[in-house]
Amino acid sequence: MAYHIENIKEIEEKWQKIWHNKHIFKATMRKDKKKYYVLEMFPYPSGKIHMGHVRNYTIADVIARFKMMQGFNVLHPMGYDAFGQPAENAAIKRDIDPAQWTYACIEEMRTGLKRMGFSYDWGREIATCGQEYYKWNQWIFLKMFEKGLAYKKISSVNWCPNCETTLANEEVIQGECWRCKTTVVQKDLDQWYLKITHYNDALLKDLTTLSHWPSRVKAMQENWIGKSFGAEIYFNVNNSKDVITVFTTRPDTIFGATYVVLAPEHPLVEKLIKGTLQEKTVRAFVERTMARPKSLRMSGDLKKEGMFSGAYAINPVNKETIPIWIADYVLMDYGTGAIMAVPAHDQRDFLFAKENNLPMRIVIQNPQTPNLCVEDLQRAYEDQGPLVNSAQFNGLPNEEAKQKIAEWMEQTTIGKITTYWRLRDWLISRQRYWGTPIPMIDCPKCGTVPVPEKDLPVVLPQKIKITGEGGSPLKHCAEFVNVNCPKCKGKARRETDTMATFFDSSWYYLRFCSPKDAAKIFDKQEAAYWMPVDQYVGGIEHAILHLLYSRFFTKFLKDIGLVNVDEPFVRLLTQGMVLKNGEVMSKSKGNTVDPDEIIEKYGADVLRLFILFAAPPEDQLEWNDDGLDGAWRFLNRVSHFTGEYNPSLGEKLDHAYQLTEADKTIERERNSMIKKISEDFDNYKFNTVVSNLMILMNSADRYRAVNQKGTEKKILINRTIQTIVRLLSPIAPHLAEELWQTIGGKEESIVRAAWPTYEESALKQDKILVVVQVNGKLRGKFDVSVDIQEEELKTLALNDAKIQEFVQHKPVKKFIYVPGKLINLVV
RNA sequence: GGGCAAGUGGUGGAAUGGCAUACACGCAGGACUUAAAAUCCUGUGGCCGUAAGGCUGUGAGGGUUCGACUCCCUCCUUGCCCACCA
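Numbering-wise, the numbering used here puts 869 at position 712 of the first sequence, and it's gapless, one number per residue.
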């Protein structure tokens, strides 16, 4: 059937229906077949799908269909990450139920996905906001609580006093609440944490096993986990029994420590300033600093502010009395919340010391400019060099001194070699409605009591008034809050915070293995068969949080015996963004292109083909309407060419038939393209898959135009058509199905047809093109027999008039011969 | 400040040590048509030349090599991520 603008919709809808009715993509565990699990990061259902989704899911779909045709048992599921703030915001703004809003969005999204013809096993669709899903969030939470990996801690968070809710760092705009513009403050709240730091080492170490992950994602995770080697050093407070423990990665500079700095939140601060002259001013400074939102305080090149505490400490290596300062540039949540300041060798300390007239001492000499003195320093010297002013360590290269001094401090008990991690435990409490209720009960007698497993799920109540004010909406829902304590049966209150939505997405890939299981979180056998995910496809924006949390959950679930893999995702592909006019497509910029409109005009296959052709999957993609026409033209050419198929002839040649030159050429190109294209599919180079298909199509057209007639030619055209249609099918599946059927494909779907194979013998050429260079410059080309000898070729080249012109009787110093490719005469 | 990625025609891009610009878009010319659309054919990096042809050319500079878009060094630009991390 011809592929015309009038019937694209008809063809695409027809095949989508057939795929659905015949359960073409239904995945079942089969021990006799090799499995392949393809997964894309499931979407947040905000309404229509956008181009970013289209690109992400098209890439994954091509991989899934390619693997299916190669005979793998493919699992390719889809679902919705359906809890989260946008639903709540919609509820506040438009006074509709978040559940109703979310399910309407899911409906819209599903329609969009189906129109793209993706090969999902729709029987496995999940939505995280359904209680049959979030019940298992609660179950995991209880398991973690049991193992001591979920715990409650008071911590300081961004708080909007007007909205009475916590705010994520991203919701604080220049120190103000993004919604009501009230100044945001820091507030101590009792919050639930997950002890991801329990897996510090494993999360870091196992990154090295992920050889099919992009190195930048691994680098980002490594950075985020942030392991640093160094030492803890104990500074006694002068005239006191208190000790300040500092952490440093530069124990080699300890002799240059001229003051100590504490974070304003440091527990010793209050004790140190008590009764001093500056008590009041320092306390005011501390309170002022702590009231500032963390995001603001941590932002870059803010001027460092600090004050002298009035107290002194003793540098343990030289017994010097040095002042203790309190400054905002020291953070309580890294290291010990206290530092030794070495202004001569740390730029931040240098600036702070200059500002506050604090002493400096050089302890590392610059080998380029020896005899450097403090007065000459324009900035801190942070490079390598030998130690000076460092007692018995003088002269030692500082890199070596790091270890030596740390060991010496450990021996003399003034310090300890330690490792610090940047990774913090994960705060999951949210004072929000649209999320999974944390299954805990606060009992005045028994304390914090977990909800018994048999009482799960703790159902999120429906029809709650959400105003965006007055704190957590669940707090005002009496029938939810009031509960009997599971232990003492007395009156108690439920936890009203819900879980951060990253919790939901940290294990959904496991639920996909047996999504309908009502009795268990997932079936162990199914998970053992399908896991790990062989190919994960998604955006780079999840490089850290989502991927790290998922790795954490997998490790935990392995520890409790539910899965048998250490890592959830074997391969990771991060697709590039879709740009228009050089900018990321976004609603706020108003430069979006609606996939629906493109499908309406050209069909899904054209959209799929264009998006794959326009750029390699990992690169940014510049949207170009004209490119669509090119994709459209190509599919039309394939479609028209298929009209040449002659069903009465098949594909087998009479073996008595002698192939002509033209016959050999088309056969060689067909076979070599099967090879090339299959390799490109394997390496996810879909843009060159498309261009190679175009080249094969061009060759086929040229072959057909050659003035040569007969059955044999038609048979070879039949072969070529069969090949093109199958190679094209992962990319343009609707058209391929339609064409496959018209050319006599017997399978119920082309995904059941075998992937084309090639014959090595057909790739051989009789004649090859050899390039001739003189001194590395291209001077000629020879069409020669494939088995020409080196000497023969040399003579041929030297006798060529044009080559002689460049050689000009100069002696040939060197003769380079690359068999089958090139010769280079060096004169 | 640290880390990572990238830089090739008018445009998207191809080539990972061996013919730079495949494939496509765009543009120009032509065929078909009363005309248009569609389709098909031809041309298309820059400079010199009527032409044959020559020179030059992959962000800049240097190096390795018979030969470099590709490998090494220095620098520039852009993008992304992290960051008062001790």
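All C-beta atoms in this analysis are idealised placements derived from N, C-alpha and C, irrespective of residue type, glycine included.
Exercise for the section: Report yes or no: do the stretch 830-840 and the stretch 912-925 share at least 3 C-beta pairs separated by less than 8 Å? Expected result: Here the stretch 830-840 makes contact with the stretch 912-925; the two share three or more CB pairs at distances below 8 Å.
Handout entry: Buried or exposed by the 16-neighbour rule on C-beta atoms within 10 Å, applied to G241
Key = Here residue 241 is taken as the residue at index 84 of the first sequence, counted from 1. Looking at its Cβ environment, which holds 16 or more other Cβ atoms inside 10 Å, G241 is buried.
Exercise for the section: Count the other CB atoms, across all protein chains shown, that sit within 10 Å of the CB of C600; report buried if there are 16 or more and exposed otherwise. Expected result: Here residue 600 refers to the residue found at position 443 when the first sequence is read from its first residue. Label assigned to C600: buried.
Problem - Within 8 Å, strictly: CB atoms of V750 and W780 - result: Along the first sequence, one-based indexing puts residue 750 at 593. Along the first sequence, one-based indexing puts residue 780 at 623. Yes, these two residues count as a Cβ contact at 8 Å.
Handout entry: Helix, strand or coil at Y686 according to DSSP, with G and I counted as helix
Key = Counting from one through the first sequence, the residue named residue 686 turns up at place 529. DSSP places Y686 in helix when its eight states are reduced to three.
Exercise for the section: Measure the Cβ-Cβ separation of V927 and R936 and say whether it is below 8 Å. Expected result: Here residue 927 refers to the residue found at position 770 of the first sequence. Here residue 936 refers to the residue found at position 779 of the first sequence. Going by C-beta atoms, V927 is not nearer than 8 Å to R936.
Handout entry: Alpha-carbon spacing of P672 relative to I595, whole angstroms
Key = Locating residue 672 in the first sequence gives position 515, where the first residue counts as 1. Locating residue 595 in the first sequence gives position 438, where the first residue counts as 1. Between P672 and I595, the alpha-carbon positions lie close to 22 Å from each other.
Practice task
Rounded to whole angstroms, what's the CA-CA distance from E947 to E818? Just pull it up for me.
Solution key: In the first sequence, the residue the question calls residue 947 occupies position 790. In the first sequence, the residue the question calls residue 818 occupies position 661. Cα to Cα, the separation comes out at about 26 Å.
Handout entry: Segments of 4+ residues assigned as alpha helix (DSSP H) that fall wholly inside the stretch 386-450
Key = Counting whole runs of 4 or more residues, the stretch 386-450 contains the alpha helix (DSSP H) stretches 426-430 and 436-448.
Exercise for the section: With DSSP as the reference, please indicate the residues paired to F726 in a beta bridge. Expected result: Here residue 726 is taken as the residue at index 569 of the first sequence, counted from 1. V690.
Practice task
Go through its chain and collect everything with a Cβ distance to K292's Cβ below 6 Å, but skip five positions before and after it.
Solution key: Here the question's residue 292 lines up with position 135 in the first sequence. The residues are L613 and P614.
Exercise for the section: Ignore the nearest five residues each way along the sequence and tell me which others in K970's own chain have a CB closer than 6 Å to its CB. Expected result: Within the first sequence, numbered from 1, the residue matching residue 970 stands at position 813. Same-chain partners within the cutoff: V983.
Handout entry: Those residues which DSSP pairs with S586 across a bridge
Key = Within the first sequence, residue 586 is the residue found at index 429, counting from 1. In the DSSP assignment, S586 is bridged to M656.
Handout entry: M158 versus D940 - alpha carbon distance
Key = Locating residue 158 in the first sequence gives position 1, where the first residue counts as 1. Locating residue 940 in the first sequence gives position 783, where the first residue counts as 1. Its pLDDT being 40, under 50, M158 is placed unreliably by the model, and nothing is read from it.
Practice task
Would you mind sorting S805 into buried or exposed? The rule is 16 or more other CB atoms within 10 Å of its CB.
Solution key: Locating residue 805 in the first sequence gives position 648, where the first residue counts as 1. Flag for S805 reads exposed.
Problem - DSSP-derived helix/strand/coil call for R861 - result: Within the first sequence, residue 861 is the residue found at index 704, counting from 1. Correct three-state label for R861: helix.
Handout entry: Terminal residues of the beta strand (DSSP E) in which Y350 lies
Key = In the first sequence, residue 350 corresponds to position 193, counting from 1. Counting along the chain, the beta strand (DSSP E) containing Y350 begins and ends at V342 to L351.
Exercise for the section: Decide if K903 is buried, meaning its Cβ has at least 16 other Cβ atoms within 10 Å, or exposed. Expected result: Locating residue 903 in the first sequence gives position 746, where the first residue counts as 1. So K903 ends up on the exposed side.
Handout entry: For W578, the three-state DSSP class (helix, strand or coil)
Key = The count along the first sequence starts at 1 and reaches residue 578 at position 421. Here W578 sits in strand by DSSP.
Problem - Spatial distance of Y577 from T354 (CA atoms) - result: Position 420 of the first sequence, counting from 1, holds the residue named residue 577. Position 197 of the first sequence, counting from 1, holds the residue named residue 354. Roughly 11 Å separates the two Cα atoms.
Handout entry: the stretch 763-776 / the stretch 730-738 touching (three or more Cβ pairs under 8 Å)
Key = yes
Practice task
With DSSP as the reference, label A159 as helix, strand or coil.
Solution key: Locating residue 159 in the first sequence gives position 2, counting from the first residue. For A159, the pLDDT reaches just 46, beneath the cut-off of 50, and the residue's location in the model is therefore unreliable, although a value from the coordinates is still provided. Looking at A159 - three-state DSSP - the assignment turns out to be coil, as it is neither helix nor strand.
Exercise for the section: Give the C-beta separation of R272 and V735 to the nearest angstrom, bearing in mind that I take them to be a contact with Cβ-Cβ under 8 Å. Expected result: As a position in the first sequence, residue 272 is number 115, starting the count at 1. As a position in the first sequence, residue 735 is number 578, starting the count at 1. About 18 Å separates the two Cβ atoms, so there is no contact after all.
Problem - Assumed close pair I220, Q692 - CB separation to whole angstroms, cut-off 8 Å - result: Sequence index remark: in the first sequence, residue 220 carries index 63 (1-based). Sequence index remark: in the first sequence, residue 692 carries index 535 (1-based). 6 Å between Cβ atoms; contact.
Practice task
Leaving aside the five residues before and after V439 along the sequence, list all residues of the same chain whose C-beta is less than 7 Å from its C-beta, in chain order.
Solution key: Locating residue 439 in the first sequence gives position 282, counting from the first residue. These residues qualify, in order along the chain: I430, M464, S466 and I483.
Exercise for the section: Just mark P318 as buried or exposed, buried being the case when its beta carbon has 16 or more other beta carbons within 10 Å. Expected result: Start at 1 with the first residue of the first sequence, and residue 318 comes out as number 161. By the beta-carbon neighbour count (other beta carbons within 10 angstroms, threshold 16), P318 is exposed.
Practice task
Would you be able to state if there are at least three C-beta pairs under 8 Å between the stretch 563-576 and the stretch 380-398?
Solution key: yes
Practice task
Kindly confirm or deny that the stretch 701-719 and the stretch 658-667 touch, where touching means at least three C-beta pairs closer than 8 Å.
Solution key: yes
Practice task
Would you tell me roughly how many angstroms separate the C-alpha atoms of Y277 and P609, rounded to the nearest one?
Solution key: For the purposes of this step, residue 277 is identified with residue 120 of the first sequence, where counting begins at 1. For the purposes of this step, residue 609 is identified with residue 452 of the first sequence, where counting begins at 1. If you take the alpha carbons of Y277 and P609, they lie about 36 Å apart.
Problem - Proximity winner among G274, T655 and D503, relative to P618 (alpha-carbon distances) - result: Here the question's residue 618 lines up with position 461 in the first sequence. Selected option, being the one with the closest Cα: T655.
Exercise for the section: Put M464 into one of helix, strand or coil per three-state DSSP. Expected result: Here residue 464 corresponds to residue number 307 of the first sequence, with the count starting at 1. Of the three classes helix, strand and coil, the one that applies to M464 here is strand, per DSSP.
Practice task
Can you tell me which of the three DSSP states N641 falls into?
Solution key: Against the first sequence, residue 641 aligns to sequence position 484. DSSP places N641 in strand when its eight states are reduced to three.
Practice task
Pull up the distance between the alpha-carbon of L270 and that of R222, whole angstroms please.
Solution key: By 1-based counting over the first sequence, the position of residue 270 is 113. By 1-based counting over the first sequence, the position of residue 222 is 65. Cα-Cα distance, rounded: 16 Å.
Problem - Nearest neighbour of H699, chosen from I521, I621 and M377 [CA to CA] - result: Here the question's residue 699 lines up with position 542 in the first sequence. Selected option, being the one with the closest Cα: M377.
Problem - Anticipated Cβ contact below 8 Å, T799 with V908, distance rounded - result: As a working mapping, residue 799 is identified with position 642 in the first sequence. As a working mapping, residue 908 is identified with position 751 in the first sequence. The pair is not a contact, with the Cβ atoms about 18 Å apart (cut-off 8 Å).
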